[in-house]
Amino acid sequence: MPSSPFLADTPGRVVSGHGRRLLVEGDGGERVLCHTRGKKSDAVVGDRVRWKASGDEGVIDAVLPRTNLLYRQDEWKTKAFAANIDQLLVVVAAEPVFSESQLARALIAAADAGIPARIALNKRDLASFAAARARLAPYAAMGIEVIELALKQDGADGRARLAPLLAGRATLVLGPSGAGKSTLVNLMVSDAGAQIGEISRALNTGRHTTTATQWYWLDRERTSALIDSPGFQEFGLRHIGADRLAGLMPDIGVHASECRFYNCTHRHEPGCGVLAAVERGEIAESRYRIYREIFEELAGA
Ligand SMILES: Nc1nc2c(ncn2[C@@H]2O[C@H](COP(=O)(O)OP(=O)(O)OP(=O)(O)O)[C@@H](O)[C@H]2O)c(=O)[nH]1
Ligand SMILES: [Mg+2]
Ligand SMILES: [Zn+2]
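So for the sequence shown, numbering that gives the first Met the number 0 puts the first residue at 0; every next one is plus one.
Shown next as structure tokens:
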């Protein structure tokens with residue numbers, strides 16, 4: 000029997016994972032280290048699982064049905080970020096200069112998974128901030144909230160802006176390396192250090208588990224959570240059909256209904272509403288370029 004009061008055969012939530020070892024938490028907050036049966040695990044952070052006791056540890060029996068799963072699909076590999084999340088917060092910063100294509104891809108994957116998304120733009124203290132804000136103008140215009148932050152210089156302001164958005168939800172934090180994801184987690188999670196320590200002790204991953212996705216509770220009552228993930232370089236969307244792409248990009252999709260052909264690809268067709276909108280300046284050049292780039296990738300063209 001496991002030494003924890005967390006009873007086997009009751010469902011728990013995966014709060015961290017490293018290879019075949021997963022840390023599973025019961026509804027009372029007790030945690031048990033579990034192993035997966037197969038070589039590879041289907042369970043990802045955020046998953047609800049059923050597990051069986053095996054000595055002091057556990058074995059994952061089943062992954063319970065998910066409400067959603069955010070993942071990327073590169074040419075050869077699938078990489079899950081998290082399951083059962085309430086929202087995505089993409090963190091980018093004035094510096095290092097972020098890739099708009101990666102940002103767009105994260106938002107498309109979230110739209111496909113039915114997960115609401117917001118953008119946090121960090122490092123308001125830097126002179127390059129205005130340029131970064133201008134690059135995000137098309138996103139603000141399509142109704143995506145952009146939260147402007149200086150997490151290091153003005154933590155109190157950051158906390159005040161973020162707290163109401165995070166309350167009562169499980170929020171996945173994604174973004175490029177150096178944008179400030181860990182700074183954000185440390186600001187919002189008062190005992191982040193302790194939670195990291197516990198997880199790395201259990202999973203034996205060393206001091207800084209930057210390679211693994213981690214679930215952090217913001218409050219004692221465990222109603223609000225942040226899921227920190229390692230920065231990414233690549234964000235493949237090969238699980239999305241090329242014909243569905245425009246519908247997952249709101250500023251593009253809104254003009255697709257104006258196209259002459261129902262199966263318009265918005266690249267060269269006559270009477271294309273999207274091309275006309277680009278011409279009129281109603282769709283940002285960068286957004287249309289990203290649409291073409293991803294379309295061609297998905298269509299294998
Ligand atoms: N100038 C400035 N620097 C900041 C701000 N917020 C965070 N930083 C710095 O940016 C650097 C990167 O921050 P992290 O929080 O480690 O970034 P991360 O997104 O977790 O990066 P990875 O773990 O590599 O994915 C650190 O040196 C922070 O101190 C800010 O508001 N202004
Ligand atoms: Mg980090
Ligand atoms: Zn068209």
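Here a beta-carbon is modelled for each residue, glycine too, at the ideal position from N, C-alpha and C.
Same chain only: Cβ atoms within 6 Å of residue i, ignoring 5 sequence neighbours per side
i, result
"Thr170", "Gln86, Leu88, Leu225"
"His254", "Gly272, Val273, Ala276"
"Leu247", "Ile107, Ala110, Asp111"
"Asp46", "Val13, Val62, Ala82"
"Phe294", "Ala241, Leu244"
"Ala93", "Lys122, Leu125, Ser127, Phe128, Ala131"
"Glu268", "Phe260"
"Cys258", "Cys271, Gly272"
"Ser176", "Gly230"
Residues near residue i by beta carbon distance below 7 Å, same chain, minus five either side
i, result
"Leu150", "Asn121, Gly157, Gly179, Thr182, Leu183, Leu186"
"Gly167", "Thr222, Ser223"
"Ala235", "Reading off the sequence, residue 235 comes out as Gly, not Ala. Cβ neighbours of Gly235 beyond the five flanking positions: Arg71, Gln72, Asp73, Glu74."
"Gln152", "Asp124"
"Ile114", "Asn67, Leu69, Ile84, Gln86, Leu87"
"Glu99", "Arg134, Ser285, Ile289"
Distance cut-off 6 Å: residue i Cβ against heavy atoms of ligand 4
i, result
"Lys51", "As for ligand 4, it is missing from this structure, which binds only ligand 1, ligand 2 and ligand 3."
Where residue i falls, given that 16 or more other Cβ within 10 Å makes a residue buried
i, result
"Asn262", "exposed"
"Arg286", "buried"
"Gly270", "exposed"
"Asp250", "buried"
"Pro64", "exposed"
"Ser15", "buried"
"Arg279", "exposed"
"Phe238", "Per the sequence presented here, residue 238 reads as His, with Phe not at that position. With fewer than 16 Cβ atoms within 10 Å of its Cβ, His238 is classed as exposed."
"Pro310", "Residue 310 is absent from the model: the chain starts at 0 and stops at 300."
"Gly28", "exposed"
"Thr77", "exposed"
"Arg104", "buried"
Same chain, Cβ closer than 8 Å to residue i, five either side skipped, listed in chain order
i, result
"Trp50", "Ala7, Asp8, Gly11, Val23, Val31, Cys33, Gly57, Val58, Ile59, Asp60"
Beta-carbon proximity check, residue i vs residue j, cutoff 7 Å
i, j, result
"Ala112", "Asn83", "no"
"Ala119", "Leu148", "yes"
"Val172", "Val90", "yes"
"Asp227", "Gln213", "yes"
"Leu161", "Val145", "no"
"Val48", "Ala79", "no"
Contiguous beta strand (DSSP E) assignments of at least 3 residues, all confined to the segment 21-72: Segments of the beta strand (DSSP E) lying fully in the segment 21-72: 30-34, 47-53, 56-62, 68-72.
The segment 282-299 / the segment 132-142 touching (three or more Cβ pairs under 8 Å): Segments in contact, yes.
The segment 12-22 / the segment 71-78 touching (three or more Cβ pairs under 8 Å): No contact exists between the segment 12-22 and the segment 71-78.
Ordered list of alpha helix (DSSP H) runs contained in the segment 74-130, each at least 4 residues: As summarised for the segment 74-130, the continuous alpha helix (DSSP H) elements at least 4 residues long and confined to that stretch are 99-112, given in chain order.
Whole alpha helix (DSSP H) elements within the segment 153-192, 4-residue minimum: DSSP runs (the alpha helix (DSSP H)) wholly in the segment 153-192: 154-165, 180-187.
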